[in-house]
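All remarks here apply to the structure that follows.
Numbering (full-length UniProt numbering), first residue to last: 1 to 760.
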């Protein structure tokens, strides 16, 4: 392309292949008003000048331009150079003949477009879709190439005449208008073109290869002619909606949800690629929305139901895909969260209500929570809404059995904090306790947990069963941070009692040494427990051996001199002793409960004793005596023998000292039934929780009434729910209110029976 053609090149034109042009600028031609760079600083010598060409008339020049246009349209060589034609156009414009030239161009473009229309119509019926599209594209490319040549010849007219007449449009736009009017405004041609394009695209969606460059060229043609949006895009989107609507209904029933999601993802990627390769940029958004609507939004419920299997199989790849795809639909993630919550509730409730898995329940719940947390993080983009959904579901199912989960979490912590637990390091133990605290957080009845945790903690402290004092303190700190200082006040008091007791015992031993009585009495350690801090223990009256009685009285006298006004109540059920047993094969030290000790000391007087005699001698109640004898005569270390033999102790049984007892260890701890958590202990703890709740309800009612003086029943119940830190039924609250009315703490308003007044 030479310099003149570059100067006259339009800024906007359709793309076309590089066919040979009938016109080209002669190498010796120069546009009017320009100077040849080769003439600068050089002498020009003119030789052999021919005769000047005769000057043509305006009519003859007009004919030259018309012939040039016809030559272009017929693809014939032109007799004039582009430069000479440009000069003729300029001359006509100077003589105000621009209107005639514009009419000439308009007529010739119309003739050319009409000729194309006739040819296309003639061949249309015999051509298949692909041939028709190729033929149409070829005619379009030829037309735009020739239009560009015409515009180049008449560029002067375009710039100076057309531009100054607002009623006229540029030559390029004039050519496009004629092509549109003569060719594509024909309903038959346009209809066939659109249907052929849709059919070819449909074939590609079915997996058949197509000529994408051809489709792109024709779609650009429609866009240039302002026919794309109204005549192609609308039909294209409707056909896409129909196709994917039908495909969605078929595939959702044929495929598993994971497979269906993969299919949808593949379709979306295909459509994005298709849009980027040959569709108009603005078509991509409505096209993708169409696919999302047909394949995702219309099947939200069915897709969401597949979540259960994916979570159960820990199929994170497809869970991530489900999250990404459903996030495209308006209600997609909401539907997914609903299904996620339902899955957690169903499986969590199944765990909590399955009595056969109580031993592993807490560990199972922790593993369940870990897996769900990982899914929310890795698959759901750590979504706050999904985290809240998970929390709400745990809140729901973990409280289906009000007391048992709280008890089991407390027991789980007890096992991990006990001495002898070598399952994990301190760091691992801290991590396990953090996870247990997370489960504890979901429990509504935290007072139930507190009661059982306190009962277990008391045993760990009193019997030296704690694995680590630091671990105990760390756990206490976690509970305090979670529930506040009020929750841990009694637990902290228990630790304080242990520390004070240690100092007190050291002081007592100094006192004994000062009296020179240490050698005459057994070693004696005492824990002073503040009644309000520790669990409620049942007081038992038993026969105390004289030696132990003297120890008690001596300590009592020592204690009362330091703390006058305080009363000591001995808890025999918590006492332990070390007793030396002399057998045929050697002496052994026996680590015993106090009740076991009383039973064995009775055999110092007789080698064979009946159940009735033991009951009378020790004054231990029957149930406790049976458990004690069972541990001594029916367990692993049988220091006495039961007659007749059997696993159960009857009131008619006799017991004989087992002088043949032996054990490889010197010190033997005999299983102490009193230290096991029996069914009765559990019921007792639950009953204590119930009583404590009654007192808390009463105290809360009195607090509210004292502050309000007068309040309606509904408002009182509402405030109670806000203040109480355990779940309470309205019927239970009403009973406590009635009890307080009977005890004259409040009264019903005489004018309004639904209102209460505080009684001072």
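Backbone N, C-alpha and C define an ideal beta-carbon position, used for all residues, glycine too.
Where does residue i land, buried or exposed, given buried means 16+ other C-beta within 10 angstroms?
| i | result |
| --- | --- |
| residue 578 | exposed |
| residue 489 | exposed |
| residue 695 | exposed |
| residue 414 | buried |
| residue 525 | exposed |
| residue 178 | buried |
| residue 98 | buried |
| residue 28 | Since pLDDT at residue 28 reaches only 32, below the 50 mark, its modelled position is unreliable, and no value is offered. |
| residue 538 | exposed |
| residue 442 | buried |
| residue 266 | exposed |
| residue 648 | exposed |
| residue 730 | exposed |
| residue 462 | buried |
| residue 299 | buried |
| residue 690 | exposed |
| residue 365 | buried |
Starting from residue i, follow the beta strand (DSSP E) in both directions and report where the run begins and ends.
| i | result |
| --- | --- |
| residue 586 | 586 to 593 |
| residue 642 | 640 to 643 |
| residue 654 | 654 to 657 |
| residue 582 | 576 to 583 |
| residue 668 | 667 to 669 |
Distance, Cα to Cα, residue i vs residue j?
| i | j | result |
| --- | --- | --- |
| residue 698 | residue 437 | 29 Å |
| residue 757 | residue 721 | 19 Å |
| residue 749 | residue 529 | 45 Å |
| residue 272 | residue 717 | 59 Å |
| residue 704 | residue 719 | 8 Å |
| residue 281 | residue 215 | 15 Å |
| residue 65 | residue 71 | 10 Å |
| residue 278 | residue 105 | 33 Å |
| residue 642 | residue 656 | 7 Å |
| residue 79 | residue 68 | 8 Å |
| residue 752 | residue 405 | 43 Å |
| residue 553 | residue 632 | 29 Å |
| residue 755 | residue 711 | 6 Å |
| residue 564 | residue 709 | 41 Å |
| residue 54 | residue 62 | Per-residue confidence for residue 54 stands at a pLDDT of 49, beneath the threshold of 50, marking its modelled position as unreliable; the derived number appears in the next sentence. Approximately 16 Å, taken between the alpha carbons. |
| residue 570 | residue 444 | 35 Å |
| residue 379 | residue 248 | 24 Å |
| residue 619 | residue 681 | 21 Å |
| residue 339 | residue 693 | 36 Å |
| residue 308 | residue 341 | 10 Å |
| residue 478 | residue 485 | 11 Å |
| residue 22 | residue 73 | Note that residue 22 scores a pLDDT of 34, beneath 50, so its modelled location is shaky and nothing firm can be said. |
| residue 166 | residue 95 | 20 Å |
From the DSSP output, read off the bridge partner residues of residue i.
| i | result |
| --- | --- |
| residue 746 | 758 |
| residue 712 | 755 |
| residue 608 | 656 |
| residue 166 | None; residue 166 has no bridge partner. |
| residue 466 | 418 |
Can you name the start and end residues of the alpha helix (DSSP H) that residue i belongs to?
| i | result |
| --- | --- |
| residue 253 | 234 to 254 |
| residue 304 | 300 to 305 |
| residue 613 | 611 to 618 |
| residue 257 | 257 to 278 |
| residue 93 | 82 to 94 |
| residue 469 | 469 to 483 |
| residue 142 | 129 to 153 |
| residue 172 | 171 to 179 |
| residue 424 | Counting along the chain, residue 424 falls outside any alpha helix (DSSP H), and DSSP gives it neither H nor E. |
| residue 187 | 187 to 205 |
| residue 374 | 361 to 379 |
| residue 322 | 316 to 326 |
| residue 115 | 98 to 124 |
| residue 392 | 384 to 397 |
| residue 208 | No alpha helix (DSSP H) holds residue 208; DSSP gives it neither H nor E. |
Would you say the beta carbon of residue i comes nearer than 8 Å to a heavy atom of the ligand MG?
| i | result |
| --- | --- |
| residue 139 | In terms of ligand content, the structure shown is empty, and the ligand MG therefore cannot be addressed. |
Taking Cβ positions only, does residue i come closer than 9 Å to chain E?
| i | result |
| --- | --- |
| residue 304 | You won't find chain E in this structure, because it holds only one protein chain. |
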